[in-house]
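Notes to accompany the following structure.
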Amino acid sequence: MCVKGHDGRKELVAITDGYRESTESWADLLRDCRRRGMTAPVLAVGDGALGFWKAVREVFPATREQRYWFHKQANVLAALPKSAHPAALAAIKEIYNAEDIDEAQVAVKAFAVGYGAKYPNAVAKITDDLDTLLEFYKYPAEHWIHLRTTNPIESTFATVRLRTKVTKGPGSRAAGLAMAYKLIDAAQARWRAVNAPHLVALVRAGAVFHKGKLLERPTDITQPPPHSDANEQAGTEVA
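For the sequence shown, position 5 matches number 5 in the UniProt record's numbering, and the numbering has no gaps at all.
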């Protein structure tokens, strides 16, 4: 699990094994983070794995949700014939690359008009999750590129999977966890920090943003200590 902290850095705060779709596996991990001092993240970003979202709602009920667009995009394309993929992909990108949420909603309607009659299942994959797909538009525009993806974790786990394949399996459970930890720990030094990190504290304090711009500044903004530990920083993203 990766967290974006007050200073904009992305850090690994927890790693364990478990069942990806298991609510209890995810809840155990989140409860452990809470025991170690992590307060409720403002926003959690992830794919559609039901176990993760049920666990977040149980352990951190105030945390808002953002679905990962890369996985959603793949799911939509899987419901369309290959001949439709180029045009559909361009239409999907019009949604999550829109200038603001109003333009994104216009792009959603255009996608529904273009594909709804012949491919209603593909359109439903977007419209059924629309609120959580467009949640990132409620945050600073500088952060949008970070909030619609879980790329640090996704790209790093590609390395873990490759290493496991090359070595024909990690061996024991403990060896597998140790290998994954070492690879991810090394990778996090290369993770790109959040754009405009000074805005993270505003988000954390409850600032209101409209169309990516600050609309209402909170009266009390608590800055973290200069060298606070990652586990003590309340992140704006969990993935």
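Just so you know, even glycine gets a beta-carbon here, dropped at the ideal spot from N, CA and C.
Query: Short check: CB of E94 to CB of A78, under 8 angstroms?; Result: no
Query: Y119 to A104, Cα distance in whole Å?; Result: 20 angstroms
Query: What is the DSSP secondary structure of K182, reduced to helix, strand or coil?; Result: helix
Query: Quick one: what does DSSP say L134 is sitting in, helix, strand or coil?; Result: coil
Query: Could you check what DSSP says for D229 in three-state terms: helix, strand or coil?; Result: Any reading at D229 must be qualified, since the residue scores a pLDDT of 46, below 50, and its modelled position is unreliable; no value is offered.
Query: Run through the stretch 45-106 for me and flag every whole alpha helix (DSSP H) of 4 or more residues, listed as ranges in chain order.; Result: 50-59, 69-78, 85-96
Query: Where do the N-terminal and C-terminal ends of the alpha helix (DSSP H) with H146 fall, by residue?; Result: 144-147
Query: Throw me the rounded Cβ distance for the I101 and L134 pair, which I believe falls under 8 angstroms.; Result: 6 angstroms
Query: Residues in the same chain with beta-carbon distance under 7 angstroms from A27, minus the five sequence neighbours each way, listed in chain order, please.; Result: A55, E58, V59
Query: Run through DSSP, which three-state label would residue 240 get?; Result: What the structure shows of the chain is the stretch from 1 to 239, and residue 240 is not part of that stretch, so it cannot be assessed.
Query: For R64, which option in Y96, L50, V45, A207 has the closest C-alpha, if you only look at C-alpha atoms?; Result: V45
Query: What span of residues does the beta strand (DSSP E) with K125 cover, start to end?; Result: Here K125 belongs to no beta strand (DSSP E); instead the alpha helix (DSSP H) covers 120-127.
Query: So, helix, strand or coil for K109, using DSSP?; Result: helix
Query: Whole angstroms is fine: what's the gap from T132's alpha carbon to A87's?; Result: 24 angstroms
Query: Using the DSSP secondary-structure output, state which residues sit across from E216 in a beta bridge.; Result: V208
Query: For a quick check, are the C-beta atoms of A62 and P140 less than 8 angstroms apart?; Result: no
Query: Out of V42, K138, H71, R190, state which residue places its alpha-carbon closest to the alpha-carbon of A201.; Result: V42
Query: Using 10 angstroms around the beta-carbon of L147, count the other beta-carbons present and answer buried if the total reaches 16, otherwise exposed.; Result: buried
Query: Please check the pair K72 and K125, which I expect to be a contact at CB under 8 angstroms, by giving their CB distance rounded to whole angstroms.; Result: 7 angstroms
Query: Are the CB atoms of F52 and T149 nearer to each other than 8 angstroms?; Result: no
Query: By a C-beta neighbour count over all protein chains shown, 10 Å radius and 16 as the cutoff for buried, is A175 buried or exposed?; Result: exposed
Query: Give the DSSP bridge partners of L43, in chain order.; Result: R64
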